[in-house]
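Here the structure comes first, spelled out in structure tokens, and everything after it is commentary.
There are 2 protein chains.
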Amino acid sequence: MKIDSIDFFYLSMPEVLDIGDGSQDALLVRVTANGHTGWGECEAAPLPSIASLICPMSHSACKPVAASVLGQTLDSPQDIVRINRLVRQNSMDLLQADHTLSGIDTALWDLLGKCCDQPVYRLLGYERACSKTPYASVLFGDTPQKTLEKARGIRAQGFRAAKFGWGAFGQRSVQDDADLVVAAREGLGQEAILCVDAGTVWGEDVDAARARLKVLQDCRVTWLEEPFHTGALSAYRTLAAESGPVRLAGGEGSHTEYMAQAMIDYGGLGFVQIDVGRVGGITAAKRVADYAAAKGVTFVNHTFTSHLALSASLQPYAGLRDYVLCEYPVELKPLAYEMTVEHLSPDADGTLQLPERPGLGLTPDTDALQKYLVDVQITVQGKILYRTPRF
Amino acid sequence: MKIDSIDFFYLSMPEVLDIGDGSQDALLVRVTANGHTGWGECEAAPLPSIASLICPMSHSACKPVAASVLGQTLDSPQDIVRINRLVRQNSMDLLQADHTLSGIDTALWDLLGKCCDQPVYRLLGYERACSKTPYASVLFGDTPQKTLEKARGIRAQGFRAAKFGWGAFGQRSVQDDADLVVAAREGLGQEAILCVDAGTVWGEDVDAARARLKVLQDCRVTWLEEPFHTGALSAYRTLAAESGPVRLAGGEGSHTEYMAQAMIDYGGLGFVQIDVGRVGGITAAKRVADYAAAKGVTFVNHTFTSHLALSASLQPYAGLRDYVLCEYPVELKPLAYEMTVEHLSPDADGTLQLPERPGLGLTPDTDALQKYLVDVQITVQGKILYRTPRF
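Just so you know, the sequences run in chain order A and B. Each residue of the first sequence is one higher than the last, beginning at 1 in the working numbering. Each residue of the second sequence is one higher than the last, beginning at 1001 in the working numbering.
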């Protein structure tokens, strides 16, 4: 079959707050081929991604993403790999294209899975999807007390792992940070897995990160995530050599498999975190998962948005039984929760299972999403290149 | 002073061809502060970059670029460094932002130079701008004969160095490629410096690149540029270990200093090529130049567009006397040539000198550019967020 259409839907909460919560807007992707429909999501700024889909060509290596997808043959996983490569070549100098490709690639896997009546992970070569241990992914509370209460709430919900991040962490004194981490550990109890996400707050300042190592070690934190910018390899490696049992995690900013591989090879990571909605879709994420497995670094999804994105992010390592942890956002804005009719919920024993249904196994709730749809129009030389499509 | 305005001008040739010529469109940036004006250029897809300037915020680390620039204090080079860092933090998850920042950062240096009545290189700490040896940067001819004629023309113009790239090179047989390279060497004569640019044609296929090494060595090619994708570190390093006197060049795809540093540290490069219009502006390019110098890798500009971009790209290594080569595009489309009133032309002895004038030392020819201006309007929720400004 041939790819007939690509539609981008920009969705947003009525109000977007200046906080580290990526679930406040979304870019939903619909692809159709021969009457079949696939859905994906870009973890990306919607408007620049829309522009990269439909912009005029600048030169042979700076084409709009749609030019390398529309009309392409889609009959097998190899076709998706080929289309992925084509976009990278033809849009090499269009930076935003990698994020845009990510949602399209994901939608292609969903579409192909539905055509073949197979879950995506099976198309990727996994016999079955192993159950994962979701960690509740939340922002730090503004105070130690609020963090303590959040942590207790997470434990009460049955989670066996949690990650606290962003907010005030790293912004004030070392003692302030210590108080937050101690509160998280106390609220979570001694048994649970605790991770901490610094959200790149220290840039490449190893000293600032180093000053927090002791409390992280004392509180038996499993990983310190993103102390530095993605790609600041030297800072990562230096800290990793000193962090002892607290391993470093990072890589969510990778928008190519090469960037993730560099973090694995030269950053001293214990955990590589990949966002399917950024790295180049399921195709690229699967490559990173294979590479990580070969190098003994643990692959973990990065997901802070909808359950459609969550399902997509779990497929690339669904069959890797030793990589049990998975990020599970628990503070979703209504937009992100209402994105899908079905949801992925932890079992009573605190584990998560991918659906056996075809494709990603989740259906966008287009009726519910109607109210979040952002009306956009882009006109170039008097010609409308983009107008918000209808569901 | 405070930054009052940022204007983006999308310029394009009436027809954009599907060839590797980046001078067919442009994104010109104007920044004003307290009555002063600075100009820069993003080496980027114009429409997605415009969208990244003005898009609605997605979350605290995914803000439009303008939000971190407008209203900021600009009194010293340290202010530009601070604004650069602010954009990176606040737009961390907005991929296109790095290209967008690049043009703005460049315009800020131009503006500050004009205020201080100093060329930019002096603000960067260089006493004087050393003369460079421009290499004529052209596409391969479609046939060996056409390549031979191009090379003879370049020699006749007095250039002492040339680089041939893209076109058919790498796309057909090894013998076809050999014929092109031999023709380039023959036309250029034995004395001139010859470089070859593969334009990432082999992805990460080391074997394909290896098969071309012999003719490159036989023709005494100084560097083989971009055999692989930016960031395919392992492929670069493997080939570099076998390429002997033919050194590898690459890095133009770097949109952060970290990516360029990784290419220096782990790619086995002899030459790191930095595009000021992509890497994060003059601020980031200067950091890469310093890093390259410390690591013994030669810094070279990447420039395939206007002389405004050329001046910007030379400033970061203007004072590094040992790094003599510079890219000099000689097949500019009229739009790129007409971008500036003044031009940077090689002297009779084939060397190039940066102007002593304040800032970048070049004035955009806004009258001439009027005819290339692309009319764009972006509307979100009924509100016009961008409309092509007037010069």
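Cβ coordinates follow ideal geometry from the N, Cα and C atoms, glycine included.
Handout entry: Classification of Phe1448 (chain B) by the beta-carbon crowding that lies within 10 angstroms, buried from 16 upward
Key = Since the first and last residues shown for chain B are 1001 and 1391, residue 1448 (chain B) lies out of range.
Practice task
Helix, strand or coil for Ser137 (chain A), going by three-state DSSP, please let me know.
Solution key: strand
Exercise for the section: Would you please verify whether the beta carbon of Met1339 (chain B) is less than 8 angstroms from any beta carbon of chain A? Expected result: no
Practice task
Kindly list the residues whose CB is nearer than 6 angstroms to the CB of Ala1209 (chain B), restricted to its own chain and excluding five residues on each side of it in sequence; keep chain order.
Solution key: Trp1202, Pro1227, Leu1239
Exercise for the section: Identify, in the order they occur along the chain, each residue of the same chain with its Cβ nearer than 8 angstroms to the Cβ of Asp1002 (chain B), setting aside the five sequence neighbours on each side. Expected result: In the sequence as presented, Asp is not what sits at residue 1002 (chain B); that position holds Lys. So the list reads Ala1033, Asn1034, Gly1071, Gln1072, Thr1073, Leu1074, once near-sequence residues are dropped.
Practice task
Would you decide whether Pro1329 (chain B) is buried or exposed? Buried here means 16 or more other CB atoms lie within 10 Å of its CB.
Solution key: buried
Problem - Per-residue contacts from Ile1264 (chain B) into chain A (C-beta, under 7 angstroms) - result: By Cβ distance, chain A contributes nothing, its closest Cβ being about 11 angstroms from Ile1264 (chain B), past 7 angstroms.
Practice task
Check whether the Cβ atoms of Thr1200 (chain B) and His1229 (chain B) lie closer than 8 angstroms to each other.
Solution key: For the pair Thr1200 (chain B) and His1229 (chain B), the CB atoms are nearer than the 8 angstroms cut-off.
Handout entry: Stretch pair the region 1370-1385 of chain B + the region 1136-1152 of chain B: three plus CB contacts closer than 8 angstroms
Key = no
Exercise for the section: Would you please verify whether the beta carbon of Val279 (chain A) is less than 8 angstroms from any beta carbon of chain B? Expected result: No, Val279 (chain A) does not count as interfacial toward chain B.
Problem - Status (buried if at least 16 other CB within 10 Å, exposed otherwise) for Phe299 (chain A) - result: buried
Handout entry: Distance CB(Thr363 (chain A))-CB(Phe391 (chain A)) smaller than 8 angstroms
Key = no
Exercise for the section: Taking only the alpha-carbon atoms, compute the straight-line gap between Pro77 (chain A) and Pro245 (chain A) and give it to the nearest angstrom. Expected result: Answer to the nearest angstrom: the Cα atoms are 39 angstroms apart.
Practice task
Would you kindly work out how many angstroms separate the C-alpha atoms of Ser345 (chain A) and Leu352 (chain A), rounded to a whole number?
Solution key: 6 angstroms
Handout entry: Reference Thr222 (chain A); option with closest CA among A:Phe9, A:Lys163, A:Ala183
Key = Thr222 (chain A) has its Cα closest to that of A:Lys163, out of A:Phe9, A:Lys163, A:Ala183.
Practice task
Return the chain-ordered list of same chain residues with a C-beta closer than 7 angstroms to the C-beta of Glu1338 (chain B), the five sequence neighbours on each side being excluded.
Solution key: Asp1365, Ala1368, Leu1369
Exercise for the section: Find out if the Cβ-Cβ distance for the pair Tyr400 (chain A), Ala161 (chain A) is shorter than 8 angstroms. Expected result: As displayed, chain A neither begins before 1 nor continues past 391, which places residue 400 (chain A) out of reach and without an answer.
Practice task
Closer than 9 angstroms by beta-carbon distance: list the chain B residues that pair up with Leu233 (chain A), in chain order.
Solution key: Tyr1258, Gln1261, Ala1262, Asp1265, Tyr1266
Problem - Test item: CB-CB of Glu15 (chain A) and Arg278 (chain A) under 8 angstroms - result: no
Exercise for the section: Could you tell me which chain B residues have their CB closer than 8 angstroms to the CB of Asp142 (chain A), listed as they occur along the chain? Expected result: Under the 8 angstroms cutoff, chain B gives no residues; its nearest Cβ is about 14 angstroms from Asp142 (chain A).
Exercise for the section: Can you grab the Cα-Cα spacing for the pair Arg88 (chain A) / Ala61 (chain A), in whole Å? Expected result: Their backbone Cα atoms lie some 9 angstroms apart in a straight line.
Problem - Own chain, CB closer than 7 angstroms to Leu308 (chain A), minus 5 neighbours either side, in chain order - result: Trp39, Glu41, Met339, Thr340, Leu360, Leu362, Pro364
Problem - Integer Cβ distance of Gly270 (chain A) from Val288 (chain A), believed to fall under 8 angstroms - result: Rounded, the Cβ-Cβ distance is 15 angstroms, inconsistent with contact.
Practice task
List the residues that DSSP assigns as beta-bridge partners of Ala249 (chain A).
Solution key: A:Glu225, A:Phe271
Exercise for the section: Determine the DSSP secondary structure at Arg1172 (chain B), reduced to helix, strand or coil. Expected result: For Arg1172 (chain B), the three-state secondary structure derived from DSSP is coil.
Problem - Close beta carbons around Glu1356 (chain B), own chain, < 7 angstroms, minus the five adjacent residues each side - result: Pro1119
Handout entry: Where Lys1214 (chain B) falls, given that 16 or more other Cβ within 10 Å makes a residue buried
Key = Answer is exposed; the Cβ neighbour count stays below 16.
Problem - chain B within 8 angstroms of Gly392 (chain A), Cβ atoms only - result: The question about residue 392 (chain A) has no answer, for chain A in this structure spans 1 to 391.
Problem - Chain-order list of residues whose beta-carbon lies under 6 angstroms from that of Asp4 (chain A) (same chain, five-residue window excluded) - result: Thr32, Ala33
Exercise for the section: Following the continuous beta strand (DSSP E) through Ser1005 (chain B), name the residue where it begins and the one where it ends. Expected result: 1003-1012
Practice task
Note down, in chain order, all residues in the region 1056-1085 of chain B with a beta-carbon under 9 angstroms from any beta-carbon belonging to chain A.
Solution key: Pro1056, Met1057, Ser1058, His1059, Ser1060, Ala1061, Cys1062, Lys1063, Pro1064, Arg1085
Problem - Proximity test, Val324 (chain A) beta-carbon vs the ligand NAD heavy atom, cut-off 7 angstroms - result: The model depicted lacks the ligand NAD and carries no ligand whatsoever.
Handout entry: Distance between Gly22 (chain A) and Met1259 (chain B) (C-alpha atoms, nearest Å)
Key = Within the model, the alpha-carbon separation for Met1259 (chain B) versus Gly22 (chain A) is close to 25 angstroms.
Handout entry: Pairwise C-alpha distance: Leu385 (chain A) and Ile1050 (chain B)
Key = Approximately 15 angstroms between the Cα atoms of the pair.
Practice task
Indicate whether the contact test is met: 3 or more Cβ pairs, each with one atom in the region 81-95 of chain A and one in the region 317-335 of chain A, closer than 8 angstroms.
Solution key: No: fewer than three Cβ pairs fall under 8 angstroms.
Exercise for the section: Examine chain B for any beta-carbon lying closer than 8 angstroms to the beta-carbon of Ile378 (chain A), and answer yes or no. Expected result: yes
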